[in-house]
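Chemist:
Numbering (our numbering), first residue to last: 49 to 348.
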């Protein structure tokens, strides 16, 4: 026998991995933990909730009887459709506002404030981890009848009564949600703007493009993936929120998330709550897909 055993085998007859096998093993070790994490903490709960949506509740217990009653109720319930439309309007407004402000900030940071990029980005990251409820209650303190804004207006003699429209309405929900979502939206846009090189902007200007033309012909197409991801992330986060509508939304600022939460926690109707959640998710993903398709066509 040849020294060292057969080709591809180590001492003692153990088979050695080739170059392809080693690469596959290395890739598995790199991707495997993240894949397992996503599968366990994201996909598994989704599968469980989807199964719940196809079962029934009898005497406050979930019974594994397959049916589509929960989805039929969700699709035929007028109150749910009104809440879904209200959710789309609030989530759309908050995501557009946050993505627009995030783009303005990231664009200024990328091209105007280059010396301050690192500290300002660090401030954005810190803002992402600031207390969510603390910020919501801060807005209530700011906009409430006895809040800072109304107190200042009365102190200056501009109004004699507090401006009640500042809080507990759809506009307040949009503003507060946008405030929470802006830090999340900044980073994808800023990363996308790194693809816009100064030489490309200078070339567009040399060819006669003004600031607006340069933006539409150079900056927007190159930054579109980041802009879209920023908006989509903000839209999904806003559409699923249930805290802001309860604390600052008021009657016309109620969203589907509030009803889903009550359905789970108060009614203990897991099938209906899961069906409402999946229907809302499907509608949201459809809207995101349409925006991606149209945006890609316009900026091509």
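C-beta: ideal position from N, C-alpha, C; glycine also.
Could you give the distance in angstroms between the alpha-carbon of residue 214 and the alpha-carbon of residue 245?
Modeler: 42 Å
Chemist: Mind checking whether residue 301 and residue 217 have CB atoms under 9 Å apart?
Modeler: The answer is yes: Cβ separation under 9 Å.
Chemist: Provide the residue span of the alpha helix (DSSP H) that contains residue 250, from first to last.
Modeler: Segment 246-254, the alpha helix (DSSP H) holding residue 250.
Chemist: Would you mind sorting residue 49 into buried or exposed? The rule is 16 or more other CB atoms within 10 Å of its CB.
Modeler: Confidence in residue 49 is poor, its pLDDT being 46 and thus under 50, which makes the residue's placement too unreliable to answer from.
Chemist: Cα separation between residue 109 and residue 307?
Modeler: 20 Å
Chemist: Go to residue 110, then tell me how far its beta strand (DSSP E) extends in each direction, as first and last residue.
Modeler: 109-111
Chemist: Name, in chain order, the residues that DSSP records as bridge partners for residue 105.
Modeler: BP columns for residue 105 point to 110.
Chemist: Can you give me the Cβ contacts of residue 241 inside the same chain, cut-off strictly under 6 Å, excluding the 5 residues immediately before and after it?
Modeler: 154, 158, 271
Chemist: If you follow the alpha helix (DSSP H) that residue 129 is part of, which residue opens it and which one closes it?
Modeler: 126-159
Chemist: At the level of alpha carbons, what is the spacing between residue 103 and residue 317?
Modeler: 10 Å
Chemist: Please classify residue 193: does DSSP put it in a helix, a strand, or coil?
Modeler: coil
Chemist: Evaluate contact between the region 119-132 and the region 202-213, counting only Cβ atoms and requiring at least three cross-stretch pairs below 8 Å.
Modeler: no
Chemist: On the premise that residue 287 lies in contact with residue 328, defined as a C-beta separation below 8 Å, what is that separation, rounded to the nearest angstrom?
Modeler: 7 Å
Chemist: Just the C-alpha distance for residue 310 and residue 264, rounded to the nearest angstrom, thanks.
Modeler: 45 Å
Chemist: Can you confirm whether the region 252-261 touches the region 319-327 when touching is taken to mean that 3 or more C-beta pairs between the two stretches lie within less than 8 Å?
Modeler: no
Chemist: Excluding five sequence neighbours on each side, which residues of the same chain lie with their C-beta closer than 6 Å to the C-beta of residue 227?
Modeler: none
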